[in-house]
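All the letters of the sequence shown, read from the start, carry residue numbers 1413 to 1687 under this note's numbering. Positions of the beta carbon are idealized from the N, C-alpha and C atoms, including for glycine.
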Amino acid sequence: MRILQLLLVGILLGVALLWLRRGNLPTAAASRERTQVPSSPAQAHSDSPIPSRQLQPRGRPGVRSTPTATPFHAFADSLNPTSQHTRSTLTNLCVMTLLSDLLLTHPEMSDADLVAAVAGMGIPEERIRERLAGYPRGEASLTDIYERADQIPALAAVRVAAERCGLPSDPTSDCLLDCFRFVAGTGELVDFLGTIRSALAATPDIPGLAAEADRLGREQVEARDVFDRAYRERFLLRHGLTEAQTEALLGELRALQAPAATVDDLYLPRKSSTP
């Protein structure tokens, strides 16, 4: 039993290190089947936070603002330096969300134009290209994504929760898509941290592992809090929700999970025909 515990800890730590180096996509690889066990949360390729930018409020629901995912990298900048997994996830979510924002209003943008537009917001081109390499391609519209989501019980439950909070069913708004991202991203990151923490806590007599398990526990708490704060800002400023709507919505979404959601369920694809 002792040998098995040591092997488990070694495997988990090795996999975590591999994720940090490779920079996997947030909430799943595009090729992953919905029936598979979800992969790790995204990990960034640099510990330096992406520069923050000021959000502009939408003014009223149903009117999209300038593409921005400022809360993700702004809050990544405020994280404890040891919260590497959470920082990585937020920075990758920032790039992926900015790409989706742009494609919602300009679906024919080429890869070169997407890179230039996101880089113009202060994000390093290398990081954008790394995310773009795994970004979904296809012809699906936002309406197509929502119709497909209705056939996935976990995502259909997110729509029902949003409607309970007074969000209108709007096939032209990506507000529901942000609800999907909040549920899938928070659940995957927190579960990932919890899995490693449990494995480390199972071998408390190994020097250093108990302290690392405690640190991961603190990062779990920080991850939940920072996802709440980041998406709260996005619901308020991009989607024009009221304070009351936003608090009610987050309260509903915290109780949900969507572990099988893929990038195809969470982001608008870039057109297959664009270079």
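Restricting to Cα atoms, I'd like to know which of the options is closest to residue i.
{"i": "M1533", "options": "P1548, E1551, D1513 and E1600", "result": "D1513"}
{"i": "M1521", "options": "T1501, G1550 and L1502", "result": "G1550"}
{"i": "A1642", "options": "E1537, T1598 and V1675", "result": "T1598"}
{"i": "L1662", "options": "K1683, D1640 and E1575", "result": "D1640"}
{"i": "Q1496", "options": "L1678, A1635 and R1644", "result": "A1635"}
{"i": "L1680", "options": "L1589, R1666 and I1540", "result": "L1589"}
{"i": "A1363", "options": "Q1563, N1504, V1530 and T1517", "result": "Here the chain has residues from 1413 to 1687 only, and residue 1363 is not among them."}
{"i": "G1652", "options": "C1587, M1508 and E1537", "result": "C1587"}
{"i": "Q1669", "options": "N1504, E1538 and A1573", "result": "A1573"}
{"i": "T1498", "options": "V1602, E1659, P1619 and L1567", "result": "V1602"}
{"i": "R1541", "options": "L1502, T1555 and A1524", "result": "A1524"}
Give the DSSP-derived three-state secondary structure of residue i in the structure shown.
{"i": "D1666", "result": "The residue you asked about is not Asp; residue 1666 is Arg in the sequence shown. Coil."}
{"i": "L1678", "result": "helix"}
{"i": "R1549", "result": "strand"}
{"i": "T1555", "result": "helix"}
{"i": "R1650", "result": "coil"}
{"i": "D1523", "result": "helix"}
{"i": "I1540", "result": "helix"}
{"i": "T1584", "result": "coil"}
{"i": "L1579", "result": "coil"}
{"i": "L1491", "result": "coil"}
{"i": "A1673", "result": "coil"}
Could you pull the start and end residues of the alpha helix (DSSP H) that residue i belongs to?
{"i": "P1565", "result": "P1565 to R1576"}
{"i": "M1508", "result": "Q1496 to T1517"}
{"i": "D1562", "result": "Run containing D1562: none; DSSP gives neither H nor E here."}
Roughly how far, in whole angstroms, is the beta-carbon of residue i from the beta-carbon of residue j, given that I think they are within contact range, below 8 Å?
{"i": "E1664", "j": "R1576", "result": "6 Å"}
{"i": "R1627", "j": "L1526", "result": "The pair is not a contact, with the Cβ atoms about 37 Å apart (cut-off 8 Å)."}
{"i": "L1511", "j": "Y1558", "result": "19 Å between Cβ atoms; not a contact."}
{"i": "E1631", "j": "L1605", "result": "6 Å"}
Exercise for the section: Only counting runs of 4 or more residues, tell me where the alpha helix (DSSP H) segments fall wholly within the segment 1587–1643, in order along the chain. Expected result: Taking only runs of at least 4 residues, the alpha helix (DSSP H) segments lying wholly in the segment 1587–1643 are 1587–1613.
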